[in-house]
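Undergrad: Sending over a structure as structure tokens; questions will come in a sec.
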Amino acid sequence: MKVINILGSPRKKGTSARIAEAFTDSVAKHGAEVEHFYLNGLMYRGCQGCEICHSKKDHCILEDDLTPVLEAMRTADVTVFSSPVYYSDISGQFKTFFDRTYSLLDVNYEQETTISSRLPEGKTAIFILTQGDVEEKHTDIIERYRPFFDLHGYALKTIRAAALASGRPDEDVSVAQAEAARMAENLMSIEK
Ligand SMILES: Cc1cc2nc3c(=O)[nH]c(=O)nc-3n(C[C@H](O)[C@H](O)[C@H](O)COP(=O)(O)O)c2cc1C
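Numbering-wise (my numbering), the sequence shown opens with residue 1227 and increments by one.
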């Protein structure tokens, strides 16, 4: 099984990264191949809206540090997406990356209903969000991004951790880490 871990927080050892790590450590222990992408360390531009990926090409024409990330999404069985909540949304690094996955959609503008994914079927997405506010806040974020996961045919699993002090990347997220490790165990046992 191939797992990719796309980190949307600039804090490499922050709350969302440590929850993602609990998942990837667990799958790796069971023999999965894991690749990590730290978005904040990559140089990339946002989607240019040129639509060339839907007319002349089957991929994004921008060539930058996101190119291998988008390619890895095609072959990964499981993709871990993690982000802190910034101003009631995902981080800017993460949103800019998300927009570029537009090139992984096949859009046929000639026929109204033909939007499909260029990703092969049967993939799982783990979407991790961490926040300073209480649990009841920002519940809309997962719902607002659900169309992305649905369009690409991902089976979506989500993990949230709330009420984390902003200046504390070392906040206790052990409950969410345990949930992530359990999720990993379940996935790997289905695989066997
Ligand atoms: C620029 C910025 C904006 C933030 N905005 C929010 C917010 O709107 N709501 C919230 O609950 N927490 C907010 N936070 C707090 C972070 O979501 C929280 O500290 C989270 O645990 C950080 O995740 P990380 O450790 O993975 O970086 C914000 C933090 C920063 C730095």
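Think of the CB as a built atom: it goes at the ideal place given N, C-alpha and C, for glycine as much as any other residue.
Using the beta-carbon of each residue, find all residues closer than 5 Å to any heavy atom of ligand 1 and list them in chain order.
TA: Any residue whose Cβ sits closer than 5 Å to a heavy atom of ligand 1 makes the list: 1235, 1237, 1240, 1241, 1242, 1310, 1311, 1312, 1313, 1314, 1356, 1357, 1358, 1359, 1390, 1392 and 1395.
Undergrad: Give a yes or no on whether the C-beta atoms belonging to residue 1355 and residue 1343 are separated by under 8 Å.
TA: no
Undergrad: With a cut-off of 8 Å on the beta carbons, I'd call residue 1241 and residue 1405 a contact; round off their distance for me.
TA: About 13 Å; that fails the 8 Å criterion.
Undergrad: Can you round the beta-carbon distance between residue 1392 and residue 1317 to whole angstroms, since I take them to be within the 8 Å contact cut?
TA: Rounded, the Cβ-Cβ distance is 13 Å, inconsistent with contact.
Undergrad: From which residue to which residue does the alpha helix (DSSP H) around residue 1397 run?
TA: Where residue 1397 is concerned, there is no enclosing alpha helix (DSSP H), given that its DSSP letter is neither H nor E.
Undergrad: What whole-angstrom Cβ distance do residue 1325 and residue 1272 have, given they're in contact under 8 Å?
TA: Contact holds; Cβ gap of about 5 Å.
Undergrad: To the nearest angstrom, report how far apart residue 1360 and residue 1322 are at their CA atoms.
TA: 26 Å
Undergrad: Tell me the DSSP secondary structure of residue 1332 in three-state form.
TA: strand
Undergrad: Quick test of your reading: residue 1249 and residue 1306, contact by CB under 8 Å. State the CB separation rounded to the nearest angstrom.
TA: Correct: roughly 6 Å between the Cβ atoms.
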